[in-house]
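Sequence lines, in order, name chains A and B.
Residues in the first sequence are numbered from 1232 upward in steps of one, following this note's numbering.
Residues in the second sequence are numbered from 5 upward in steps of one, following this note's numbering.
Built from N, CA and C at the ideal position, the CB exists for glycine as well.
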Amino acid sequence: MIDSILFLEYMKKKNYSLAIGVPCSYFNNLLIELERSSEILYVPATREDEAIGIASGYYFGGEKSFVIMQNSGLGNIGDALTSLAQLYGIPMLIFVSYRGLKEDDDFPEHSIMGEITENLLESMKIPFSVLEEEGWQKSLSLLIDKSIKKNQPVCLLIKKGVFG
Amino acid sequence: MKGAEVISLFSEILQGDEMIVSSNGNVSRQAFHLLNKPHIYLRGSMGLPLSVGLGLSLSQPENKVIVITGDGNFLMGLGSLTTIAHFSPENLRIIILDNEVYATTGGQPTVSSTINYKLLMEGSGVENVVSLTSINNEKEVKKSLVKLLKQEGLQMLHIKVERDDIKLANIDWHPTEITKKFHFGHKIHFKSS
């Protein structure tokens, strides 16, 4: 399990000062710590595309933010990515809970999106990786560097239990 | 007044250091051609001008951020009204140019004609709201635009405008250029990490 406090300290060190999101139970601990954090402001968005819009505006003003959502939210952000974040060259990190895998057998609402999540990200040309607990700092760092170097949004898929 | 005429009038009132976010379609074209430069001209992402304005206002607390949007765009991202009202950034201003149609795509109606904007915005938690519901009152529009800039705190201004708007040429900056020119023009620098 990635310790949420350590994770937020890491993000702060990387100059991320804002998080915007739509919750998922997979991010419960992280969201509790975000609400407590005095260094990273958390904005609950009404929809996932709004979160991408806020993150984009934040970057236009010279600051970095990250976005949190379920993979169901990927269905809501197609236009926000392709006609804003990707088009305007905006680096941002999007943490997406990977619902619809084996452990979600009782949640048919996630099954189709779970199946197509990686294909969807590939189709939208969003670089992504599945975040593993071991060596998370390194994989995060690689993706952050890619996002900044190429001025583009990148995505981290988060499986159940990774954030506790 | 037509939407473009309100934007022209606004250009006479602006101090010059404001940061403006305009909604895609006619409004962005008008902002691009009729206001000083550079600003954030959204070319797509229908429904997101308020959210972009909110993000910008949070990262630029020392600067005034003004969102200019049409009614169709505003309604598509209506949830952002509530998010903005909740965080209520002191430096953010929202102007809604309401012609009750999707003018850029040919004038198809929106549902704007039945909305009481003042109630909608106040009910969402915005304290400073002005809604001008009669068209062609240039004096009133000017007074409200001046007040919008001068008065402190989050403010929203809704203006009914004529359906028949002025069509201008497309924006000749690619979106990546818009980002770069905005950062350069407003001297925005990034922290290294």
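In the structure shown, A/THR1277 adopts coil according to DSSP, grouped into three states. Assigned with DSSP and collapsed to three states, B/PHE186 falls in helix. Listed by position along chain A, the residues whose Cβ is nearer than 8 Å to that of B/GLN19 form an empty set, because the closest Cβ is around 18 Å away. The beta carbon of B/PHE36 sits no closer than 8 Å to any beta carbon of chain A. Counting along the chain, A/THR1348 sits inside the alpha helix (DSSP H) bounded by residues 1342 to 1354. Interface flag for B/SER117 against chain A is unset, since no Cβ pair is found closer than 8 Å. Of all alpha-carbon atoms in A/GLU1364, A/VAL1385, A/LEU1388, A/GLN1317, the one lying nearest the alpha-carbon of A/SER1235 is that of A/GLU1364. Following the DSSP letters along the chain, one finds B/LEU101 inside the beta strand (DSSP E) bounded by residues 96 to 102.
With the criterion set as a beta carbon lying under 9 Å from some beta carbon of chain B, the members of the segment 1260 to 1289 of chain A are LEU1272, VAL1274, PRO1275, ALA1276, THR1277, ARG1278, ASP1280, GLU1281, ALA1282, ILE1283, GLY1284, ILE1285, ALA1286, SER1287, GLY1288, TYR1289, in sequence order.
When the Cα atoms are used, B/SER148 and B/MET160 turn out to be separated by approximately 10 Å.
Within the model, the alpha-carbon separation for B/VAL31 versus B/GLY7 is close to 8 Å.
The C-beta distance from A/TYR1289 to B/LEU60 rounds to 7 Å, short enough to fall under 8 Å.
Within the segment 1289 to 1303 of chain A, those residues whose Cβ lies closer than 7 Å to any Cβ of chain B are, in chain order, TYR1289, PHE1291, GLY1292, GLY1293, GLU1294.
When only Cα atoms are considered, A/PHE1359 and A/GLU1346 end up about 16 Å apart. For B/THR183, the nearest CB of chain A lies under 8 Å from its own CB, placing it at the interface with that chain. Partner residues in the beta bridge of B/TYR45, as assigned by DSSP, are B/SER26. Contact holds between the segment 1304 to 1322 of chain A and the segment 48 to 67 of chain B, because three or more Cβ pairs, one in each stretch, are under 8 Å apart. The beta carbon of A/ILE1285 sits closer than 7 Å to the beta carbons of ILE1251, VAL1274, ALA1276 from its chain, once the five residues preceding and following it are set aside; these are given in chain order.
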